[in-house]
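Protein chains in written order, with the numbering used here: chain A, 1 to 565; chain B, 1 to 418. Ideal Cβ placement from N, Cα and C applies to all residues, glycine included. Since the structure comes first, as structure tokens, the remarks are kept for the end.
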Amino acid sequence: MRPWLSTLAAVALLADPAFAAPPRPPAEVAAELDREIDRRLAEAKVPPSPPASDAEFLRRASLDLTGRLPTPERAVVFLDSSDPDKRGKLVDELVDSPLYGQRFAAYWAELFVKRNDTAGKPNAAPFREWLAGEFNRGAGWDEVVAAMLTVQGDAPEKLFLLTNKERDIAPNRVAGTVGALFMGVQLGCAECHRHPVTKAWRREDFWGTAAFFARTRATEKKDAKGQKSVVIEDAGESPRAFVARPDPKKPPPAPGDFLPPGVVEIPDATDPMKRVGRAPAVYLGAGPADLGPTGSHRGPFAAWLTAPANPFFARAFANRTWSVFFARGLVTPVDDMHADNPPSHPGALDVLARELAAAGFDGRHLARSVCRTRAYGRSSAAAPGNENDTTLLSRMPVKAVRGPALLDLHDQVLGTPRGSIDPQVKVAKGEPKPTATRDLLDTAGYDESPDEYTAGVPQALRLMNTVLPTRTAAAAAMIARTGGPADKAAKDAERSVKGPGTAVPSQPLPRERAVERVYLALLSRRPTPAEASAVAAFLDARPGAEGFDGLLWALASSPEFVSVP
Amino acid sequence: MAPHLSRRSMLAASAATFAPWFRSLAAAAAPAKAKPRACILLWMPGGPTQHDTFDPGPGSCFGSIPSSVPGLVVGEHLPLMAGQMHHLALLRTMDTKDATHDSAVFTLSSGYKKGAGGVRHPHLGAAVAFEFADPRAELPSYTCLSVKGSDVCTPGYLGAKYAPFVTRPGQGVPDLAPTAGLTPERLADQTGLLERLSREFVAPRMGSAAAAQATTVDAAKRLMRSTKLTAFDLSKEADAAHELYGRTDFGRQCLQARRLVEAGVPFVQVACSPEEANGPGRSGWDTHTETAKTLKDVLLPALDRPMAALLSDLKDRGLLDTTLVVWMGEFGRGKQGVGHNSKNWTAALAGCGVKGGVALGSSAKPDGYRPIGVPDLFATIFSALGVDPAKEHMLKGDRPMSIVDGGRNARPVTDALA
């Protein structure tokens with residue numbers, strides 16, 4: 001089969017008049033998604049799990065959309081509200097929060113940095129800040145991606161290209177990353193050989209994509225004050241030997257070493273110093289690109305990639321967005337979308353891609369729609385008969401809060417300052433310092449499914465024996481004193497009320513209320529009666545701060561706390 | 001000359017050093033082969049010279065001495081190792097095409113170029129732990145006893161279950177004891193509460209990330225209670241053992257490695273990187289100035305006693321038949337130990353599955369044996385461990401990934417295998 005037949009359907013879809021239409025209300029989109037999901041469940045006779053409890057939904061939506069837990073106060077308001085549309089309104093509130101942009105900026109930054117971890121660890125903070133701002137102002141994914149691909153100079157969006165740097169920007173790395181993350185295809189396989197399953201992409205396709213980036217350079221420059229920074233620019237020509245040279249002592253390329261504009265050489269797969277052919281720039285599946293001798297070649301590529309009619313772009317983003325919420329894409333793996341790997345729910349993917357284009361590629365429209373589906377609102381607890389379902393969306397997969405994000409949640413609920421995890425230890429000369437906690441806990445690789453628990457025993461020991469004991473004590477002391485919430489905002493408020501040297505008598509909450517607040521702060525719910533009595537028995541035997549210390553430790557160590565339920 | 005030895009330890013040392021000639025005869029007569037179950041990687045960061053270790057010749061700074069294998073000579077500053085050469089198979093035509101530290105360290109640790117095919121490849125230690133780890137084991141299946149080289153000790157696609165414990169000899173498992181005023185009694189008490197409060201959430205979510213977290217916490221608690229933790233306690237070793245291995249950093253690492261393997265740990269990595277060799281910040285064997293002096297005064301003595309002691313001690317305890325010992329760095333060196341050299345350098349194997357007393361090729365006469373690439377070396381290591389080098393893991397998206405780069409195309413060095 002010719003590789004491009006499969007994309008014709010998608011192109012036809014894009015010609016659909018609905019594409020010109022404005023986006024539909026999220027509730028309407030959600031209903032259409034649910035119709036296909038429910039039909040598939042009925043056909044397969046797999047019973048869906050019941051709807052999630054309010055608490056489960058609150059915790060899930062808060063972590064998925066903002067990466068943060070609701071405050072105890074917010075949790076109480078939500079749990080006690082009788083508004084029939086309170087879940088939809090919660091989703092809107094979370095999507096409109098500035099934390100939404102930060103959460104998805106962190107998601108993409110991590111993907112970029114971890115996909116190419118050979119590039120070292122470039123400082124991603126300015127990039128995250130830029131991207132969060134873009135998402136929060138409603139910038140389209142097309143606009144954002146084009147900015148990352150065509151960046152010039154020292155702008156924060158340069159991080160994307162810098163994560164694809166070896167000795168210089170490596171066009172082959174850029175091609176692999178663009179394929180996987182923006183087009184949803186494992187184009188990278190074709191770097192060395194045809195894609196083994198689809199046969200769709202040949203080496204010429206991979207290197208033809210790389211060719212657009214062959215003259216992109218990352219150069220260290222000094223400004224007038226001597227401040228160093230790395231700037232992105234386009235060189236005039238494509239030197240023949242663009243691949244990182246194993247031997248840095250070799251002479252720089254001579255004038256005769258330059259290739260025609262928009263052409264790269266294809267290296268031998270087993271010996272990077274040998275060349276086996278040339279590849280002119282091609283738009284994947286859409287033929288050769290006509291590139292001039294001067295100017296950036298990245299602009300034409302970005303324009304082609306992010307056009308509404310591009311067969312890859314919208315579907316890849318829709319599929320990936322879905323995977324953030326449901327822990328797997330409609331097509332899985334998320335970067336392997338091709339004709340022989342069909343979506344689990346083809347209609348849903350079409351709907352999402354169409355809505356995305358209609359909404360000017362604003363991911364917030366997808367988030368609002370997806371989070372309003374009944375499928376998203378189901379419990380993660382199995383129901384009899386759906387225990388083994390992994391594809392039909394009969395229940396919500398439990399996602400893991402991964403190490404560094406977990407530390408942020410500790411900071412939020414225990415009121416500990418950020419970056420206070422590692423005690424300053426003195427070690428003898430030649431002896432190692434213990435691995436920094438953030439590094440030790442950062443066990444997730446590139447693009448693991450969110451429902452994979454990636455930590456092991458070293459991480460468990462660090463958390464239970466070293467991290468938590470140092471972090472629960474202060475919060476426990478405050479709860480014992482005031483019954484107050486284990487919440488940073490409240491702690492700050494208390495501090496400001498107290499002022500230096502003044503002792504403000506605070507009326508301690510009754511113990512049951514204090515326990516309830518601890519549960520609300522850590523687990524976004526009230527304890528069940530059975531839990532409340534188990535906790536009461538525990539606290540009876542350990543009066544004062546010690547008992548609350550133990551309770552905080554146990555809840556922060558619990559499987560529920562480290563889960564997006 | 002060997003450092004000063006007390007009379008008692010000299011006896012212990014010499015018994016261990018010379019007796020194996022007799023014992024190897026007995027071993028040859030033994031019928032059934034024992035099942036491999038462990039691997040110790042003696043990592044030589046910076047790239048050790050082959051010329052003054054196991055491949056003396058025109059490139060040597062020093063002379064050579066005869067060894068326990070007739071006709072096989074070793075560098076003159078390895079007098080104790082000379083007595084152990086009947087255990088070693090020397091691969092002297094290593095050809096690894098990369099003489100840059102960072103990238104070569106990863107390649108020689110995992111058998112793949114870093115990130116090849118967009119995949120996070122596991123370190124040899126994680127791969128061996130995957131093959132040999134007992135799911136009920138209490139001790140960590142993959143332990144790294146030196147920080148040097150530990151940054152590449154990644155479990156890669158095998159996942160955090162096979163991540164290394166990085167510690168130092170005698171220091172035990174990191175984070176094993178509760179801190180900040182949390183006593184073991186209170187911890188036990190709190191874990192009781194934790195278990196009670198976890199049940200309702202986990203029960204209807206079996207097989208989920210939440211259940212995996214609960215299982216991991218249980219494994220951590222099992223490790224904390226394990227009686228096998230004494231394997232980390234070097235004070236349990238007699239003085240004679242400390243003398244045999246030498247009271248040096250690398251000596252303690254090797255002694256610790258033996259204790260761990262004895263207790264059932266499948267993979268231990270140790271590194272010989274005496275700081276006085278090149279000062280802080282530089283890897284031990286990366287000698288670029290005063291090479292001969294550093295080799296003679298620091299590096300070769302640092303290597304000789306611990307490595308010889310480890311081999312003889314493993315042999316004496318009957319562990320060498322089930323334990324593979326691998327000696328290597330990221331590459332070798334040029335003549336007189338100067339400069340990086342990724343061609344015709346030496347890696348050495350000993351123990352299970354290995355034919356001892358074998359030297360294949362030499363840097364002086366490289367045509368004497370075929371070039372041994374990284375995949376060939378890893379195919380040899382896995383073969384010695386009884387693991388099919390063509391074995392594949394199935395990654396996400398049904399993508400098969402062979403444990404050795406190239407799978408069946410890699411050629412194990414059968415001449416080094418028993």
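- Spatial neighbours of residue 78/A in its own chain (CB-CB distance under 8 Å, excluding positions within 5 residues in sequence) are listed in chain order as 54, 58, 70, 86, 90.
- A Cβ-Cβ contact shorter than 7 Å links residue 380/A with residue 395/A.
- For the region 59–70 of chain B, the beta-carbon criterion of a distance under 9 Å to any beta-carbon of chain A is satisfied by none of its residues.
- Annotation: Cβ neighbours of residue 451/A in chain B (cutoff 8 Å, chain order): 208, 209.
- Residue 325/B places its beta carbon 7 Å or farther from that of residue 302/B.
- Contact annotation: residue 49/A and residue 328/A have beta-carbon atoms that are not nearer than 7 Å.
- A straight-line Cα-Cα distance of about 43 Å links residue 131/B and residue 374/A.
- Residues 564 of the same chain have their beta carbon placed closer than 6 Å to that of residue 63/A, with the five preceding and five following residues left out of the count.
- For the 7 Å CB-CB criterion, residue 179/B and residue 466/A form a contact.
- Taking 7 Å as the upper bound on Cβ-Cβ separation, chain A lies near no residue of the region 326–360 of chain B.
- At a cut-off of 7 Å between beta-carbon atoms, residue 160/B makes contact with chain A.
- For a Cβ distance threshold of 8 Å, residue set 174, 175 of chain B lies close to residue 462/A, ordered along the chain.
- Cβ neighbours of residue 306/A within its own chain (closer than 7 Å, five residues either side excluded): 142, 145, 146, 313.
- With contacts defined by Cβ atoms closer than 7 Å, residue 146/B and residue 261/B do not form a contacting pair.
- By the C-beta density criterion, residue 391/A is exposed, having fewer than 16 other C-beta atoms within 10 angstroms.
- For the options 216/A, 169/A, 111/A, the alpha carbon positioned closest to that of residue 445/A is the one of 111/A.
- Contiguous alpha helix (DSSP H) elements confined to the region 438–463 of chain A occur at 457–461, taking only those with 4 or more residues.
- A Cβ-Cβ distance of about 19 Å is found for the pair residue 180/A and residue 264/A, leaving them out of contact under the 8 Å criterion.
- No Cβ of chain B is located within less than 7 Å of the beta carbon of residue 136/A.
- For residue 123/A, no alpha helix (DSSP H) segment is defined, and its DSSP state is neither H nor E.
- Taking CB atoms only, residue 387/B has no neighbour in chain A less than 7 Å away.
- Here residue 187/A has 179, 201, 206 as same chain residues with Cβ atoms under 6 Å from its own Cβ, once five neighbours each way along the sequence are excluded.
- In the DSSP annotation of this structure, the continuous segment of the beta strand (DSSP E) that includes residue 233/A starts and ends at 228–234.
- Per DSSP, the unbroken alpha helix (DSSP H) holding residue 381/B starts and ends at 374–384.
- Restricting attention to 39/A, 27/A, 28/A, 25/A, the CA atom closest to the CA of residue 393/A is found in 39/A.
- Within the region 134–197 of chain B, the runs of beta strand (DSSP E) that reach at least 3 residues and sit entirely inside it are, in chain order, 142–144.
- Any Cβ of chain B closer than 7 Å to the Cβ of residue 388/A would place that residue at the interface, and such an atom is absent.
- Here the region 82–96 of chain B does not lie against the region 185–203 of chain B, with fewer than 3 beta-carbon pairs under 8 Å apart.
- Proximity of chain B to residue 550/A at the Cβ level (cut-off 8 Å) is accounted for by 186, 189, 190, 193, in chain order.
- Here DSSP, grouped into helix, strand and coil, assigns residue 320/B to coil.
- Counting only runs of 4 or more residues that sit fully inside the region 65–105 of chain A, the alpha helix (DSSP H) segments are 72–80, 86–96, in chain order.
- Taken in chain order, the complete beta strand (DSSP E) segments of 3 or more residues contained in the region 59–102 of chain B are 64–66, 73–75, 88–95.
- The DSSP-derived three-state label of residue 366/B is helix.
- As for any alpha helix (DSSP H) of minimum length 4 sitting wholly inside the region 216–270 of chain B, the runs are 239–245, 249–262, ordered along the chain.
- In summary, residue 269/A is exposed, with fewer than 16 beta-carbon neighbours lying within 10 Å of its beta-carbon over all protein chains present.
- For residue 302/A, no Cβ of chain B is located within less than 7 Å of the residue's own Cβ.
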